[in-house]
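Quick note, the sequences are listed as chains Z and L, same order.
So in the working numbering, the last one in the first sequence is 1509, and the numbering has no gaps at all.
So in the working numbering, the last one in the second sequence is 1509, and the numbering has no gaps at all.
There are 2 protein chains.
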Amino acid sequence: MAGRRGPTEHGVRDQIVEAARAHFSRFGYGKTTVADLAKAIGFSKAYIYKFFDSKQAIGQAICAQTLEQVFAGGKASIAEGKSESDKLRRFFNGIIAASAELFFEDKMLYDIAAHAAEERWPSVIAYMECAEETLKTIILAGRESGEFERKTPIDETCEAILLAMQSFMNPLMLKHNLKDLPEDPAKVINLVLRSLAP
Amino acid sequence: MAGRRGPTEHGVRDQIVEAARAHFSRFGYGKTTVADLAKAIGFSKAYIYKFFDSKQAIGQAICAQTLEQVFAGGKASIAEGKSESDKLRRFFNGIIAASAELFFEDKMLYDIAAHAAEERWPSVIAYMECAEETLKTIILAGRESGEFERKTPIDETCEAILLAMQSFMNPLMLKHNLKDLPEDPAKVINLVLRSLAP
DNA sequence: GTTGTGACCATATGCCAATATCGTCACTAG
DNA sequence: CTAGTGACGATATTGGCATATGGTCACAAC
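In C-alpha cells form, the structure reads like this:
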C-alpha cells in the first residue's frame, strides 16, 4: 500500500484510520490536523508518522476505504441479478446509488473521493481496476451463456464500458449528473447492453 | 445571448471580443482586467459595460467562440465520411482532435472552457446541444439507410451517446485522458457503433 | 437619440507578518 | 530490539490592511 510505513498489521494503524475517518467525515480533510488525530487516539503526532508517510497517505487510506464501500454497494447488487445483463445493470446502479448516498450522507468523504479522482490517487486506480475485474467476470459469463457477443476483445469491451460510464462512476462528473438519476445512467447502460448484443 | 447588453451588432462589441480573446489567450482570464481590455481598444472601462453585463459575460463569449471552433472541427470532419458510421466516428474524432489541439496550443483558452464546463456555463450547454443536433442528423440518416437500428427512441440514443463520450467531450475529463488518445475514444466509439447496429 | 467617460462604491485580491501545521530526528523508556 | 515522544526546521495557512478590480451612475459631447 502506497504511503504506508512500519508494521503492516497494527492496532494503532487501525486506530489512526478510525479516528481519521471520523474527523475527515465531520470536519473535512483540510480542517483536520495530524495533531487532532494524534490527540484523538492518545498518542503523539510523531507516532502517526511511524505508520503513514504523510497526511495525504492517511487521506488515501480513508478514500480507499470509502471507494471499497461504494464498490461493495455495486458488488452486493449483483446477487439479485437474474441474467448477466441484469447483473451488469444492477452492478452499475448499485455503484451509482452508493455514490449518490455518499454524496448526500457524507459530503466530506465524497469530496475526498472527488479530489482523489482529480489527482488520480492510487485508491481511485484500484477502484477502477476492481470495477473492471467485476465487469469482466459478468461479461465473460454473458459471453459463455450466449447472452453477449464474443467478437470484440474482452479488454476493449471492458475499458470502453468503464470509459462510457465515467459520467456516473467518477465523483467529479457524478455530482453534475445527480439531478438526472436514475434516468441518465439507465440510458447509458441501455446503450452498453445494446452494444453487447450478439 | 446571455450577459449581453446594448446594440447587438456593433463594431465595438467585436473589438472587445477580439481584445479579450487575445488577452485571455496570452495572460489568462484571471490576470486580465476589464481595464486592460478597455485600454487595448482605446475606450474607457465603463464603455465595456454598455456591451456586456460582466467580465464573466465576456468570458462566456470567448468560451462560446472557442467551443464553436471545436465543434466546427468535428463538423468539418464529417464531410469526408463515406457512411453514417464513418461520419459519426469522424465527428467525434474531429471534436477530440480540435480539443486536444486547443489544450496544447492555447492552454489558457482551454482552461476557460474547462472552468465553463465545471460551472455549467450556457456556452457549454449550447455546445452540447449543437453536438446533439449534429449527432441526431447522422443517426437519423443512418436509420434511414438501414445502417443503424430504429427501435430505441432517437433522443435517448443521442443523449446516451453524448453521456458516454463525456470522457472526451468534457474538457475537465479530456485533460486526464489525453495520454490515451486516440485509442481510448476509438474504443468508446466502437462500443457506440456496436450499440447502433440493427 | 447615440457615443462615451470620470468619479465613485463595494468587494475581491495581493501582500506580509504571525501563527499553525507538516514532517523529521535524535532521543528516552522499557 | 519495539514503543513512543519533545523539540525542531521548513513550509502552509491565517488575519488584517492596503490596493486593485468589478461594476454603476450621473452626466457631457455630439
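A virtual CB, placed ideally from N, CA and C, is assigned to each residue, including glycine.
Computed from a predicted model, the values in this text were never measured in an experiment.
Residue 1459 (chain Z) beta carbon less than 8 Å from that of residue 1450 (chain Z): Their beta carbons are under 8 Å apart, which means residue 1450 (chain Z) touches residue 1459 (chain Z) by this criterion.
Identity of the residues DSSP links to residue 1315 (chain Z) by a beta bridge: Paired residue(s): Z:1363.
Near the ligand ZN: residue 1411 (chain Z) beta-carbon under 7 Å from a heavy atom: You won't find the ligand ZN in this model; it holds no ligand whatsoever.
Contact between the stretch 1359-1376 of chain Z and the stretch 1320-1331 of chain Z (3+ Cβ pairs under 8 Å): When Cβ pairs closer than 8 Å are counted between the two stretches, the stretch 1359-1376 of chain Z is seen to touch the stretch 1320-1331 of chain Z, the count reaching three or more.
Three-state class that DSSP yields for residue 1433 (chain L) in the structure shown: Taken through DSSP and simplified to helix, strand or coil, residue 1433 (chain L) comes out as helix.
Spatial neighbours of residue 1376 (chain L) in its chain, beta-carbon cut-off 8 Å, leaving aside the 5 residues before and after: When the five nearest sequence neighbours on each side are left out, the beta carbons in the same chain lying within less than 8 Å of the beta carbon of residue 1376 (chain L) are those of 1328 and 1332, in order along the chain.
Check whether residue 1495 (chain L) and residue 1348 (chain Z) have beta carbons under 8 Å apart: No, these two residues do not count as a Cβ contact at 8 Å.
Closest Cα partner of residue 1492 (chain L) within the set L:1382, L:1404, L:1339 and L:1317: It is L:1404.
Chain L within 8 Å of residue 1499 (chain Z), Cβ atoms only: With 8 Å as the cut-off, residue 1499 (chain Z) counts as an interface residue toward chain L.
Closest Cα partner of residue 1321 (chain Z) within the set Z:1396, Z:1362 and Z:1344: Measuring from the Cα of residue 1321 (chain Z), the nearest candidate turns out to be Z:1362.
Helix, strand or coil at residue 1347 (chain L) [DSSP, three-state]: Helix.
Reference residue 1295 (chain Z); option with closest CA among Z:1442, Z:1435, Z:1444 and Z:1417: Chain Z is shown only over 1312 to 1509; residue 1295 (chain Z) falls outside these bounds and no answer can be derived.
Residue 1506 (chain L) vs residue 1399 (chain Z) beta-carbon contact at 8 Å: One thing to note: residue 1506 (chain L) has its Cβ no nearer than 8 Å to the Cβ of residue 1399 (chain Z).
Separation of residue 1314 (chain L) from residue 1395 (chain Z), as counted between CA atoms: CA-CA distance, residue 1395 (chain Z) to residue 1314 (chain L), rounds to 50 Å.
Segment contact, 8 Å Cβ cut-off, at least three pairs: the stretch 1350-1364 of chain Z with the stretch 1411-1430 of chain Z: Contact between the stretch 1350-1364 of chain Z and the stretch 1411-1430 of chain Z is absent, because fewer than three Cβ pairs lie under 8 Å.
Span separating the alpha-carbon of residue 1384 (chain L) from that of residue 1444 (chain L): Whole-angstrom Cα-Cα distance: 15 Å.
Reduced DSSP secondary structure (H/G/I, E/B, other) of residue 1419 (chain Z): Looking at residue 1419 (chain Z) - three-state DSSP - the assignment turns out to be helix.
Simplified DSSP assignment, three categories, for residue 1454 (chain Z): Helix.
Residues, ordered as in the chain, of the stretch 1373-1391 of chain L that lie near chain Z by beta-carbon distance below 7 Å: Within the stretch 1373-1391 of chain L, not one residue has a Cβ closer than 7 Å to any Cβ of chain Z.
For residue 1486 (chain L) and residue 1511 (chain Z), the rounded distance between their alpha carbons: Nothing about residue 1511 (chain Z) can be read from this structure; chain Z reaches only from 1312 to 1509.
Contacts that residue 1471 (chain L) makes with chain Z (C-beta to C-beta distance below 7 Å): Listed by position along chain Z, the residues whose Cβ is nearer than 7 Å to that of residue 1471 (chain L) are 1498, 1499, 1501 and 1502.
Limits of the alpha helix (DSSP H) - the one that residue 1498 (chain Z) falls within: Per DSSP, residue 1498 (chain Z) is one residue of the alpha helix (DSSP H) stretching across 1494-1507.
Short CB-CB distance (under 8 Å) between residue 1475 (chain Z) and chain L: The beta carbon of residue 1475 (chain Z) falls within 8 Å of a beta carbon belonging to chain L, placing the residue at that interface.
Contact list for residue 1312 (chain Z) against chain L, beta-carbon separation under 8 Å: Scanning chain L for C-beta atoms nearer than 8 Å to the C-beta of residue 1312 (chain Z) yields nothing, as the closest lies near 23 Å away.
Assigned secondary structure, residue 1393 (chain L) (DSSP; H/G/I helix, E/B strand, else coil): Reduced to three states, the DSSP call for residue 1393 (chain L) is coil.
CB contact check: residue 1426 (chain L) to chain Z, cutoff 8 Å: Closer than 8 Å: no.
Closer than 9 Å at the beta carbon, the chain L residues around residue 1484 (chain Z): The answer, in chain order, is 1477, 1478, 1481, 1483 and 1484.
Beta-carbon gap between residue 1356 (chain L) and residue 1368 (chain L) smaller than 8 Å: Cβ distance not < 8 Å, so residue 1356 (chain L) and residue 1368 (chain L) don't count as in contact.
Closest Cα partner of residue 1470 (chain Z) within the set Z:1483, Z:1439 and Z:1490: That would be Z:1439, whose Cα lies nearest to the Cα of residue 1470 (chain Z).
Contact list for residue 1467 (chain Z) against chain L, beta-carbon separation under 8 Å: Going along chain L in sequence order, the residues near residue 1467 (chain Z) (Cβ under 8 Å) are 1498 and 1501.
Integer Cβ distance of residue 1424 (chain Z) from residue 1482 (chain Z), believed to fall under 8 Å: Between residue 1482 (chain Z) and residue 1424 (chain Z) the Cβ distance is about 5 Å, and since that is below 8 Å, they are a contact.
Contact set between residue 1487 (chain L) and chain Z, taken where Cβ atoms lie within less than 8 Å: Within chain Z, the residues near residue 1487 (chain L) are 1431.
Own chain, CB closer than 7 Å to residue 1359 (chain Z), minus 5 neighbours either side, in chain order: Around residue 1359 (chain Z), the same chain offers 1327, 1345, 1348 and 1349 as residues with beta carbons nearer than 7 Å, after the five sequence neighbours per side are excluded.
Own chain partners of residue 1411 (chain Z) with C-beta closer than 8 Å, once the 5 adjacent residues on each side are dropped: Taking C-beta separations shorter than 8 Å and ignoring five residues to either side along the sequence, the partners of residue 1411 (chain Z) in its chain run 1485, 1489 and 1492, following chain order.
Proximity winner among L:1461, L:1435 and L:1448, relative to residue 1477 (chain L) (alpha-carbon distances): Sorting L:1461, L:1435 and L:1448 by C-alpha distance to the C-alpha of residue 1477 (chain L) places L:1435 at the top.
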